[in-house]
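K.L.:
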Amino acid sequence: MGQQAYRKASSKHLFVKSLLSDVEALEYMLKNDWFESDITRIGAEQEIVLVDHKSFRPSLKGPEILEKTNAEWLVSELAKFNLELNLNPQVFDGPCLKSMETELKENLAYLRQLLHQEDVDYILTGILPTLHKYHLAFENLTPKQRYKDLMNAIHGQLQGNDFELRLVGIDELLVRHDSPLLEACNTSFQVHLQVAPSDFVRYYNFALALTAPCISVAANSPIVFGKRLWHETRIALFQQAIDTRKTLDHMRQLSPRVILGDRWLETDVTEIFKDDIARFKILLHADMGEHSMNLINEGKVPKLKSLQLHNSTIYRWNRPCYGISDTGKPHLRIENRVFPSGPTIKDEMANTAFWLGAMKGMALHYKDIRDHISFADIRDNFGKASRFGIDAAFTWTKDQKLTVKDLVINELLPLSREGLTHMKVHSEDIDQYLGIIHERMNQHMNGARWMLRSYTKLQKKASSIDEALTCLTASIYRQQNKENFPVHEWDEIDTEEFMGYKLNDLRVSELMKTDLFTAHSDDLVEFVIKLMKWKKIGYMPVEDDQGNLIGLISAQSIMDRLIPEKNRDVDGELLVSDVMIKDPITIGPEAAMMQASALMERQSIGCIPVVNGTELVGLITEHHIISVTNRMLRQ
């Protein structure tokens, strides 16, 4: 979101006037050559997710950690369980990549010392596997007015009743949520490249072309709420998490605020800013305390605070950025937002080197990338990369059909090496970082593939999905803290690895069965008996046509009612309505699992339907309790 000062303005109209003044000032500075263009810098932002040191579930202590330090490079993020580290700009030459890695390591080591005082640690991952829907409640929003205003503004534009996630990968996720805080699932490693205004159009279009290969190479976000989805699920999750649109009768084209774009850039950077102002409603309006054109008339460089604030609420995967250098001159940057966090610092630096080098390498070989590939192919590649990651195949220049491996090894890595060499980056650093990308391709292994393979293996051994997710996260934590072991060198997961898994830490939603076989009140009992026998289940919820729980059938309830004639209808057939328990004991998904266990023991029952209001959402049985208990006893 950016970290500039924010104070909500009393008048939206005054903010709009300030925003228009910023655009006019930007145009003036571009036209009159005010911008820094004789130096190239790079930078990065590291987002992290905080976890409990034992359970590996999200920790909400971000605000408390910030109170313990005055480090200016450490700032808040949207949710209490996230923080962001801002790295110093580096001149793009010589030791820049190694210096960036060193700074990142030192800052994370300092942060870890603070975190351990609170029994908290951090994990580098695009989406934390142990993150659950209940962690995204509005109460877990970082307590800053700016974040609250943003969430309320997005929610205020919602045209439907809820925000929805609809994703299909190996598994399928269909879930609704009442808060746009779903976007806090995502953590990324954002890389910045300073670009001269005269080169901005060329380089921005290079960035668009490289978006898909970067996603495929670096994918590290395949699991959300226990579901195996896209290799880089962040792409779809971020868009859908704050998508306020609804389906329309006449196919009116409305754009989400999270976008790749719909065309190449044609003129200059103001084309993007003007398009965003025209297309997207203002979410935040703040009193920025400056009038840019007045400053221009005084010969002073404005900060364009209003433009930057609005830009921070538009989530282009390649975001244009304006800033002022230490020299006092303004500059332009392209921010690559597609890289996920992790799996290791080495992997992140390899991704960084790959993109920066490819951007410079393309500039050496292509005067205008638009002459060699269509934007339709770029958008198609973007979707394929997000879904299939390193397994994708692209349409590239000259209408070539290439696998990710062939494209990266035969074309993009040589381009990247040439670009880094052209910028006089140290050859040993080039070899190290691009060597990691090369080995990823050779071994066909990035973070997403390692996680998908490991999680599938764990599901066969663990007593519950939650235990599999906890073990997976614990293994990610352990292996990313090995020195100099990028993800393609990680061990296969040990299915017997047990990392402090505790039943009393669980909520019902983390252990309940959601793949349910249900009955309706007018079903034949004979039919239900067959289903229960075929599927080897002892309990079957009864729901109405809207999915609301109206009863529960068990083998015992059928036996208790099977004989009496009064339970037969006029045709002599026994119906579910005759034998079901009409007011079963229920529990909510956010209740503690220990509460469910105690309720079963107290009421002498073997099953509890899980409901959200009256809606049936899951089932907890004594089998769940016994399997987890046995697992813990074996460990």
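The sequence shown: position 530 = 511 (the numbering used here), numbered continuously.
All C-beta atoms in this analysis are idealised placements derived from N, C-alpha and C, irrespective of residue type, glycine included.
1) Beta-carbon within less than 8 Å of E603's beta-carbon, same chain only, minus the 5 sequence neighbours each way: which residues are those?
2) Which whole-angstrom value is the C-beta distance of L55 and L66, which I expect to be below 8 Å?
3) How big is the Cα-Cα spacing for V32 and D159?
4) In terms of DSSP beta bridges, what is A573 paired with?
5) Can you tell me which residues form a DSSP beta bridge with S535?
6) When you compare the region 74 to 81 with the region 103 to 112, are there three or more beta-carbon pairs, one atom per stretch, that lie closer than 8 Å?
7) Compare the C-alpha of R127 against each of H605, I305, L265 and name the closest.
8) Tell me whether I568 is buried or exposed, calling it buried when 16 or more other Cβ atoms sit within 10 Å of its Cβ.
9) My output table needs one value for F162: the three-state DSSP class, helix, strand or coil.
10) Determine the contact status of L59 and T123, defining contact as a CB-CB distance below 9 Å.
11) Taking all protein chains shown into account, decide if Q27 is buried (16 or more other Cβ within 10 angstroms of its Cβ) or exposed.
12) Take every Cβ of the region 362 to 377, pair it with every Cβ of the region 186 to 200, and state whether three or more of those distances are shorter than 8 Å.
13) Whole angstroms is fine: what's the gap from K86's alpha carbon to Y414's?
14) Three-state secondary structure (DSSP) at I258?
15) In whole angstroms, give me the CA-to-CA distance for I277 and A177.
16) Let me know the secondary structure DSSP gives G342 once reduced to three states.
17) Are S287 and S2 closer than 9 Å when you measure CB to CB?
18) In chain order, what residues of the same chain lie with their CB nearer than 6 Å to the CB of L383, ignoring the 5 residues before and after it?
19) Classify T437 as helix, strand or coil using the three-state DSSP reduction.
20) Between the Cα of V591 and those of L556, L337, G528, G338, spot the shortest distance and give me the residue it belongs to.
21) Considering only the beta carbon of each residue, do N427 and I359 sit closer than 9 Å?
22) If we ignore side chains and look at the alpha-carbon of each, how far apart do T402 and V598 end up?
23) What's the C-alpha gap between I20 and V72?
24) Between the beta-carbon of I457 and the beta-carbon of T106, is there less than 9 Å?
25) If Y185 sits next to N88, beta carbons under 8 Å apart, how far is it from one beta carbon to the other, in whole angstroms?
26) Rounding to the nearest angstrom, what Cα-Cα distance links K208 and L148 in this structure?
27) Can you name the start and end residues of the alpha helix (DSSP H) that D412 belongs to?
28) Does P178 come out as helix, strand or coil in the three-state DSSP assignment?
29) If we define contact as Cβ-Cβ less than 9 Å, is S456 a contact residue for chain D?
30) So what does DSSP say about D224, is it helix, strand or coil?
31) Measuring only the C-alpha atoms, how far is A449 from S490?
32) Give the single residue among S(-8), F219, E17 whose Cα lies nearest to the Cα of G295.
33) From V30, Q460, D447, pick the residue whose C-alpha is nearest to that of L487; which is it?
34) Given a cut-off of 9 Å, decide if F144 and A217 are closer than it, judged by their beta-carbon atoms.
35) If the criterion is Cβ atoms closer than 9 Å, does the pair A344 and V406 meet it?
36) Rounded to whole angstroms, what is the Cα-Cα separation between M480 and A429?
P.N.:
Considering the structure as presented:
1) M581, G587, C588
2) 6 Å
3) 24 Å
4) R488
5) Y520
6) no
7) L265
8) buried
9) For the sequence presented, residue 162 should be read as Leu rather than Phe. L162 falls in the helix class under three-state DSSP.
10) yes
11) buried
12) yes
13) 16 Å
14) helix
15) 20 Å
16) helix
17) yes
18) F375, W377
19) helix
20) G528
21) no
22) 57 Å
23) 7 Å
24) yes
25) Incorrect: roughly 29 Å between the Cβ atoms, too far for contact.
26) 9 Å
27) 408 to 424
28) helix
29) Structure shown: chain D not included; a single protein chain is present.
30) coil
31) 15 Å
32) It should be noted that the sequence gives Ile, not Gly, for residue 295. For the residues S(-8), F219, E17, the minimum Cα distance to I295 belongs to F219.
33) D447
34) no
35) no
36) For M480, the pLDDT reaches just 46, beneath the cut-off of 50, and the residue's location in the model is therefore unreliable, leaving the point undetermined.
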